[in-house]
Structures are given as structure tokens and as C-alpha cells.
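Colleague: Can you read through this structure? Questions will come right after.
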Amino acid sequence: MKTKNLLIIAFFAIFMFLGISALKQGMPSPKNERVYSILQKHMPYVVEKRAGGFSIKSKITGIKEKPPAKDIFLRLEQLEKQWGMEFLKLEGNNLFILDKNKKEITKIILKNQEELSWVKDYFEFK
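Following full-length UniProt numbering, the numbering of the sequence shown begins with 1 at its first residue and continues without gaps.
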């Protein structure tokens with residue numbers, strides 16, 4: 001009887017461990033609230049709720065991408081980083097948002113080192 005109880009407890013522990021690790025893998029990286037909320041207005045991607053889960057829609061082309069539910073936020077992050085590499089320019093504590101002609105649309109002044117390091121890490125600026 002004891003081995004049966006131990007097997008049930010071991011199975012439950014393994015199941016919980018695998019579930020928590022899957023949740024951690026699907027979590028997006030942390031974002032700076034002030035800077036990200038400003039950038040979000042200019043990013044060409046939006047998450048839409050649909051019957052089967054979520055989809056990522058491009059505001060420019062209207063094309064919808066339907067990644068698996070566990071990968072939705074990771075894929076959105078990938079798309080945002082690709083956009084950032086092309087349409088963002090960092091000079092000192094100033095972050096410039098550019099249009100497709102590389103003309104400045106908006107300038108964000110990064111107020112502290114935390115915001116600057118987040119922009120560098122998130123968008124992989126050197």
C-alpha cells in the first residue's frame with residue numbers, strides 16, 4: 001500500500017514540475033511599463049482574441065498569424081524585436097521611432113538607467 005501511495009505522490013510531483021516549467025517557457029520577458037506602452041502605439045502588431053485562442057494581426061498588411069497558444073506571446077515578442085531593429089534608433093538616452101522612410105516620428109526620452117538597459121536588452125541594441 002505504501003508504494004502505491006508513493007507512486008501517486010511521485011506522479012503528481014512530476015506532473016506539477018512539468019506544468020510549471022511549461023508555463024515558465026511560455027512567459028514573455030518582462031517589459032518596462034512606461035516605454036513599452038508608448039512603443040505599443042507605434043508597433044504594427046496587435047493580439048486578437050478568436051474562437052480558437054489568440055492570433056497576431058499586422059496593422060499594416062492585415063495578415064493574421066495563428067501560432068499555438070503556448071507560443072503566442074513569444075512570437076509577438078519576436079515580431080516586436082524585428083520591428084524594433086528596423087524602426088527604432090537609440091542615441092544616448094533618446095529613443096527615436098522611425099517610419100518606413102527612416103524619418104523620425106516620435107522621440108522618447110529615457111528617464112533612467114533602468115529604461116535604457118531595458119531598451120538595449122529587449123531590442124538587442126549594442
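Ideal Cβ positions, reconstructed from N, Cα and C, are used throughout, including at glycine.
#1: Can you tell me which of the three DSSP states E124 falls into?
#2: Here's a check: name, in chain order, each residue in its chain whose Cβ is nearer than 7 Å to the Cβ of E104, leaving out the five neighbours to either side.
#3: Suppose contacts are defined by Cβ-Cβ distances below 8 Å. Is F123 in contact with M85 by that definition?
#4: What are the start and end residues of each continuous alpha helix (DSSP H) run of 4 or more residues lying completely inside the region 16-54, in chain order?
#5: Give every residue of the same chain whose Cβ lies closer than 8 Å to the Cβ of N94, excluding the five residues on either side of it in the sequence, and list them in chain order.
Modeller: Once the coordinates are examined:
#1: The sequence position of residue 124 within the sequence shown is 124, counting from 1. DSSP places E124 in coil when its eight states are reduced to three.
#2: For this step, residue 104 is matched to residue 104 along the sequence shown. Excluding sequence neighbours, E104 sits near F96 and L98.
#3: As a working note, residue 123 is residue 123 in the sequence shown. As a working note, residue 85 is residue 85 in the sequence shown. For F123 and M85, yes; Cβs fall inside 8 Å.
#4: 33-40
#5: The residue labelled residue 94 in the question sits at position 94 within the sequence shown. Cβ neighbours of N94 beyond the five flanking positions: K107, I108, I109 and L110.
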